[in-house]
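Colleague: Each residue of the sequence shown is one higher than the last, beginning at 3 in full-length UniProt numbering.
Heads up, the beta-carbon is just placed ideally off N, CA and C, and yes, glycines get one too.
Structure in structure tokens, see below.
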Amino acid sequence: MRTAVGIVGAGPAGLMLSHLLHRRGIESVVVESRSRESIEATIRAGVLEQGTVDLMVETGIGERLRREGFVHHGTELRFGGRGHRINFYELTGGRVVTVYAQHEVLKDLIQARLNDGGRILFEHRATAIEDATGERPAIRLTGPDGRPETLECDFVAGCDGFHGIGRATIPEAARREYLRVYPFGWFGILAKAPPSSDELIYARHERGFALISTRSPEVQRMYFQCDPSDSVENWSDDRIWEELQARTEGQGFRLREGAIFQKGIVPMRSFVCETMRHGRLFLAGDAAHIVPPTGAKGLNLAVNDVFLLARAIGSHYATGSPELLDGYPAAALRRIWRAQHFSWWMTSMLHRFADASEFDDRRQLAELELITTSLPAATVLAQNYVGMPLG
Ligand code: FAD
Ligand code: DHB
């Protein structure tokens with residue numbers, strides 16, 4: 003098999019890259035180890051920045067998003083038993099976020115690729131990327147029947163997430179990795195219940211952080227800070243509701259409860275790999291960076307990476323100039339480090355650290371007071387949360 007761009011991974015990064023390349027008339031093949039059903043059913047992120055939404059709408063995959071997504075003009079920070087609203091719309095000159103689940107984005111992207119004649123090889127595992135620094139790189143893969151195949155390409159995009167083979171293909175001596183592991187995780191649930199709030203609630207409480215989000219008028223998404231080594235079996239529905247109620251208490255607020263039908267624990271880390279390029283291999287999305295989910299940046303960063311990468315590959319084919327390809331890592335890393343700082347900041351401000359002193363507690367509250375009473379401070383949070391235009 004041969005194609006222009008061989009893409010490993012059908013997550014948001016890989017599928018959006020394939021879609022954007024198609025719009026530039028560039029052929030690609032996506033290699034994905036999981037099945038379509040499994041990808042379309044995996045519950046992950048839920049908040050889309052304005053720039054992500056604009057890109058989806060502008061490139062013809064925003065119809066369902068516009069119909070079914072929930073536009074949020076602000077969010078609530080809850081601490082000291084009180085809610086404080088941050089008005090994104092007013093603080094950013096009209097920018098907002100849209101709540102629309104990651105797997106819904108993936109469904110829309112997969113459908114669009116298939117409608118456009120795109121090739122996605124589901125249940126094909128990439129086992130090696132060869133000749134990344136040569137003229138003709140190749141992806142070795144194994145299909146569902148176990149037969150080895152080869153995909154030859156002009157370029158390879160490693161969009162294969164944190165545990166993929168893309169990053170590992172770059173020799174250790176050629177990359178530098180930055181890692182911070184947090185001493186807590188997030189316990190996430192989906193519950194059949196009506197919304198408890200019109201907007202997301204980010205709550206800081208002595209018992210730990212909690213986040214109230216939504217999926218639809220019938221299904222709610224909520225998270226609370228937990229021990230990363232804890233197990234979902236330790237948490238009955240009653241215990242989960244008690245914890246979430248306690249962490250969001252105050253001013254008579256009560257979460258509306260319902261049957262919990264999904265539970266999971268995610269670890270929290272900040273990670274960046276520099277560089278994001280090795281010859282004709284380019285990394286994008288979680289393959290190159292991870293953020294703790296508090297800033298809702300993971301999916302949005304992946305989209306920004308491939309927006310830049312599609313433009314750079316497009317420029318190579320259109321003009322023969324290597325300039326944008328050469329500049330890709332630096333251009334992507336500027337936004338990645340901005341998001342790294344924001345995600346670390348939101349995480350530090352809202353979570354309970356086991357070794358926090360009383361001084362640390364007071365300082366955390368003082369910071370939240372500042373963000374919710376000072377217009378310039380609130381603006382910094384709002385601008386970062388809704389995100390700058392792509393690029
Ligand atoms: P991924 O979505 O990880 O996609 C990579 C794809 O590559 C996968 O489909 C994988 O199967 C495939 N793959 C890997 N190796 C191979 C191989 N060798 N061959 C073929 N295919 C391969 N972010 C938030 O902002 N908020 C959240 O609440 C949130 N929750 C999350 C929960 C979980 C459990 C995880 C893992 C992530 C979460 N994130 C969250 C982060 C967000 O979902 C990611 O940032 C986003 O998915 C990144 O997209 P991606 O395309 O780079 O990588
Ligand atoms: C959701 C996830 C996040 O990480 C976040 O910061 C806000 C919302 C969600 O899944 O809805």
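For the beta strand (DSSP E) holding THR296, just list the boundary residues, first then last.
Modeller: The residue given as residue 296 occupies position 294 in the sequence shown. First-last for THR296: undefined, no H or E at that position.
Colleague: With respect to the alpha helix (DSSP H) encompassing ALA332, which residues constitute its N-terminal and C-terminal limits?
Modeller: As a working mapping, residue 332 is identified with position 330 in the sequence shown. Its alpha helix (DSSP H) spans residues 325 to 352.
Colleague: I need the boundaries of the alpha helix (DSSP H) containing residue 397, first residue and last residue.
Modeller: For the chain, the structure presents residues 3 to 393; residue 397 sits outside this window and is missing.
Colleague: Who are the Cβ neighbours of ILE63 in its own chain at under 6 Å, not counting the five residues just before and after it?
Modeller: Start at 1 with the first residue of the sequence shown, and residue 63 comes out as number 61. Only ASP110, ALA114 meet the Cβ criterion.
Colleague: Spell out the partners DSSP gives SER233 in its beta bridges.
Modeller: As a first step, residue 233 must be located in the sequence shown, where it is residue number 231. Beta-bridge pairing links SER233 to no other residue.
Colleague: Please report the residue range of the beta strand (DSSP E) in which ASP156 lies.
Modeller: Locating residue 156 in the sequence shown gives position 154, where the first residue counts as 1. It spans 150 to 160 - the beta strand (DSSP E) in which ASP156 sits, taken as one unbroken run.
Colleague: Where ALA312 and VAL293 are concerned, what is the direct C-alpha to C-alpha distance, given to the nearest angstrom?
Modeller: Taking the first residue of the sequence shown as position 1, residue 312 is located at position 310. Taking the first residue of the sequence shown as position 1, residue 293 is located at position 291. Near 23 Å, if we compare the C-alpha coordinates of VAL293 and ALA312.
Colleague: Determine the DSSP secondary structure at ALA103, reduced to helix, strand or coil.
Modeller: Along the sequence shown, read from residue 1 onward, the residue named residue 103 stands at position 101. ALA103: coil per DSSP, three-state reduction.
Colleague: Would you mind sorting TYR184 into buried or exposed? The rule is 16 or more other CB atoms within 10 Å of its CB.
Modeller: Sequence index remark: in the sequence shown, residue 184 carries index 182 (1-based). So TYR184 ends up on the buried side.
Colleague: From this set, ARG26, GLY187, GLY16, which residue's C-alpha is nearest SER317's C-alpha?
Modeller: Residue mapping note: residue 317 aligns to position 315 of the sequence shown, counting from 1. The shortest Cα separation from SER317 among ARG26, GLY187, GLY16 belongs to ARG26.
Colleague: Does the segment 94 to 111 come close enough to the segment 58 to 76 that 3 or more CB-CB pairs lie under 8 Å?
Modeller: yes
Colleague: For ARG217, does the count of other Cβ atoms within 10 angstroms reach 16, so buried, or fall short, so exposed?
Modeller: Residue 217 sits at position 215 when you count from the first residue of the sequence shown. Buried, since its Cβ has 16 or more Cβ neighbours within 10 Å.
Colleague: Report the partner residues of LEU213 according to the DSSP bridge assignment.
Modeller: Working through the sequence shown from its first residue, we reach residue 213 at position 211. TYR204, TYR225.
Colleague: What residue does the beta strand (DSSP E) around MET270 start on, and which one ends it?
Modeller: By 1-based counting over the sequence shown, the position of residue 270 is 268. Counting along the chain, the beta strand (DSSP E) containing MET270 begins and ends at 261 to 276.
Colleague: So, at 6 Å on beta carbons, what are the nonlocal neighbours of TYR225 in its own chain, with the 5 sequence-adjacent residues on each side left out?
Modeller: In the sequence shown, counting from the first residue as 1, residue 225 sits at position 223. Counting only Cβ-Cβ distances below 6 Å, and skipping sequence neighbours, we find TRP188, GLY190, LEU213.
Colleague: At a cut of 8 Å, does the segment 73 to 83 reach the segment 229 to 245 through at least three beta carbon pairs?
Modeller: no
Colleague: Output the distance between the C-alpha atoms of ALA159 and MET390, rounded to the nearest integer angstrom.
Modeller: In the sequence shown, the residue the question calls residue 159 occupies position 157. In the sequence shown, the residue the question calls residue 390 occupies position 388. Taking the straight line from one Cα to the other gives about 24 Å.
Colleague: Should THR349 be labelled buried (16 or more other beta-carbon atoms within 10 Å of its own) or exposed?
Modeller: Residue mapping note: residue 349 aligns to position 347 of the sequence shown, counting from 1. When all chains shown are included, THR349 counts as buried.
Colleague: From the DSSP output, which residues share a beta bridge with PHE189?
Modeller: The residue you call residue 189 lines up with position 187 of the sequence shown. Paired residue(s): PHE226, ILE267.
Colleague: How would you label HIS165, buried or exposed, when you count the other beta carbons within 10 angstroms and need 16 or more for buried?
Modeller: Looking up residue 165 in the sequence shown gives position 163. Exposed.
Colleague: I need the DSSP call for GLY8, collapsed to helix, strand or coil.
Modeller: Reading the sequence shown from its first residue, position 6 is the one you call residue 8. Three-state result, GLY8: strand.
Colleague: What do you reckon, are the CB atoms on PHE309 and LEU23 nearer than 9 Å?
Modeller: Position 307 of the sequence shown, counted from the first residue, corresponds to residue 309. Position 21 of the sequence shown, counted from the first residue, corresponds to residue 23. Not closer than 9 Å, so no.
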